Amino acid sequence: MNPDLVLMAVLAGLANWAFRALPVLLMRGEAKPGGLMAGFLASTGPAAIATLFVASVLPRLWPQQTDLVPLAVGTVVTVLAFLPKRSVVVATLAGSLAYGIAFALMHPALAP
Amino acid sequence: MSEKPASFQSGLLAALPIVMGYFPIAFSFGVAATRGGLSQAEAVMLSLVVYAGASQFLALTLFASGAPVLVAAFTLIAMNVRHVLYGPALMKEAGAEGSRRFAWVWAWGLTDEVFGQALGALARGQRFSEAYMFGLGLAAYASWVLGTAVGAFAGGGALDGWPAVSAGLDFMLSALFLALLLSILSRLAMPAIVVAVIATCLGTVVWSATAGILAGMICGALAGMAGGLVRGRG
Numbered sequence: 004m005n006p007d008l009v010l011m012a013v014l015a016g017l018a019n020w021a022f023r024a025l026p027v028l029l030m031r032g033e034a035k036p037g038g039l040m041a042g043f044l045a046s047t048g049p050a051a052i053a054t055l056f057v058a059s060v061l062p063r064l065w066p067q068q069t070d071l072v073p074l075a076v077g078t079v080v081t082v083l084a085f086l087p088k089r090s091v092v093v094a095t096l097a098g099s100l101a102y103g104i105a106f107a108l109m110h111p112a113l114a115p
Numbered sequence: 064m065s066e067k068p069a070s071f072q073s074g075l076l077a078a079l080p081i082v083m084g085y086f087p088i089a090f091s092f093g094v095a096a097t098r099g100g101l102s103q104a105e106a107v108m109l110s111l112v113v114y115a116g117a118s119q120f121l122a123l124t125l126f127a128s129g130a131p132v133l134v135a136a137f138t139l140i141a142m143n144v145r146h147v148l149y150g151p152a153l154m155k156e157a158g159a160e161g162s163r164r165f166a167w168v169w170a171w172g173l174t175d176e177v178f179g180q181a182l183g184a185l186a187r188g189q190r191f192s193e194a195y196m197f198g199l200g201l202a203a204y205a206s207w208v209l210g211t212a213v214g215a216f217a218g219g220g221a222l223d224g225w226p227a228v229s230a231g232l233d234f235m236l237s238a239l240f241l242a243l244l245l246s247i248l249s250r251l252a253m254p255a256i257v258v259a260v261i262a263t264c265l266g267t268v269v270w271s272a273t274a275g276i277l278a279g280m281i282c283g284a285l286a287g288m289a290g291g292l293v294r295g296r297g
């Protein structure tokens, strides 16, 4: 194996472990309820998930719009599939399936 | 809130959408790595040791361009700073039951998707357990490493004849994030969500995708904190 590649991987991997584990390990007790830090941490989850959803769909919308119909169908089906039982697994699988079907219908020439 | 803390098996099961989303991306990485001149072992080593999707694709580019090792490593590290927020946010949601005895192991698996899934489960009333975190993280990690290995050994073209399947799998992680967002949606969370969406769009368009992600998370969390302060005084 290339030693430079291994060194780069080990440095990046150690940093990743530190970013993920050290904040948990070094936390001293809970943030004071109602305090600024408690408010910040409570909002981090919703902010992070909203950010990651936007970041994952934005490349399909900007700078060029690609496959808008499958994106719209996949998004709507994900929402509709979530509503009855509030199951993340069912909604994710249904949304992806709908996206794939819409993509196949929009691009019949690409069918195997 | 449920009676028992979640089990290792329920963590494995909850990881299903992540596993299905990770595998094709890792497969693509394995293919790209071997096409870029890395050996199969080197491709798998990157997934085992770095375990961060976008960073690994960037690593291929940096390595191929001959960037100095320390510069390349620093660039990869900078891409994942956002992960420092995940552990504390998860433990805050876990409350008094948030054991961290084995966090030095399970926190390695705290990727964007694993964090989102774990947080969504807690928001739906599930009790925190380290066993659940192990199951969730292990399934996702195994899928990532296995997908890379299959991609590296199979080579390109495996999904070329199935573009609709490939497209559906590409949308899997977006659908997962959307479903997770729906699962934690509440009036209290709206300021953080709205500001995060706007900041991500602006940051991405004006600067870069990485800057957009950092801007979204930090601005969204600050907006949520400010909203809480305003409600507290009202």
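Order-wise, the sequence lines are chains R and V.
Residue numbering for the first sequence follows the working numbering, beginning at 4 and increasing consecutively.
Residue numbering for the second sequence follows the working numbering, beginning at 64 and increasing consecutively.
Even for Gly, the Cβ is constructed at its ideal location relative to N, Cα and C.
Remember, predicted model here, so these are calculated numbers, not experimental data.
Item	Value
Would you kindly report the start and end of the unbroken alpha helix (DSSP H) that includes V:S110?	103-112
Taking the alpha-carbon positions, what's the R:L25 to V:T174 distance?	14 Å
Starting from R:N19, trace the alpha helix (DSSP H) both ways and give me its first and last residue.	6-29
I think R:V57 touches V:V260, with their Cβ atoms under 8 Å apart; what is that distance to the nearest whole Å?	5 Å
Since V:F71 meets chain R, which of its residues come closer than 9 Å, beta carbon to beta carbon?	Ordered by position in chain R, no residue passes the 9 Å Cβ test against V:F71, which lies about 17 Å from the chain.
Buried or exposed, going by whether 16 or more other CB atoms sit within 10 Å of the CB of V:G179?	buried
Specify the secondary structure class of V:P131 as computed by DSSP and reduced to three states.	coil
Mapping DSSP to helix, strand and coil, what is R:R89?	coil
Any beta carbon of chain R sitting closer than 7 Å to that of V:M196?	no
Under a three-way DSSP split, which group does V:R190 fall into?	strand
Hey, V:Y114 and R:G16 are a contact pair by Cβ (cut 8 Å); roughly how many whole angstroms apart?	7 Å
Compare the C-beta of V:E105 with all C-beta atoms of chain R and state if any pair is closer than 7 Å.	yes
Could you spell out the range, first to last residue, of the alpha helix (DSSP H) harbouring V:L236?	226-246
Please work out which residues of its chain come closer than 7 Å, Cβ to Cβ, to R:A84, disregarding the five sequence neighbours upstream and downstream, and give them in chain order.	V93, A94, A97, G98
Would you say V:I247 lies against chain R (beta-carbon separation less than 7 Å)?	yes
Would you mind sorting V:M280 into buried or exposed? The rule is 16 or more other CB atoms within 10 Å of its CB.	buried
Quick check on V:D233: buried or exposed, where buried means 16 or more other Cβ atoms within 10 Å of its Cβ?	buried
Do the region 231-247 of chain V and the region 265-272 of chain V make contact, defined as three or more Cβ pairs closer than 8 Å?	no
What is the rounded straight-line gap between the Cα of R:V91 and the Cα of R:P6?	42 Å
Roughly how many angstroms lie between the CA atoms of R:I52 and V:L244, to the nearest whole one?	6 Å
Which bits of chain V does R:T81 rub up against, with CB to CB less than 7 Å?	A238, L241, A242
If we cut at 7 Å on Cβ distances, does R:V72 have a partner in chain V?	no
Answer yes or no: does any C-beta atom of chain V fall closer than 7 Å to that of R:M76?	Here residue 76 of chain R is Val; the residue named in the question, Met, does not match the sequence. Chain V contact via Cβ: absent.
What distance in whole Å lies between the Cβ atoms of V:F92 and V:F120, which are believed to be in contact at a cut-off of 8 Å?	6 Å
According to DSSP, is V:P68 helix, strand or coil?	strand
Quick one: does R:P111 have its CB under 7 Å from some CB of chain V?	no
Under a CB-based cut-off of 7 Å, is R:P87 close to chain V?	no
For the region 52-66 of chain R, which residues have a CB atom closer than 7 Å to at least one CB atom of chain V, in sequence order?	I52, A53, T54, L55, F56, V57, A58, S59, V60, L61, W65
With 7 Å as the limit, tell me which residues of the region 109-138 of chain V have their beta carbon closer than that to any beta carbon of chain R; keep them in chain order.	L109, V112, V113, Y114, A115, S118, A122, F126, V132, A135, A136
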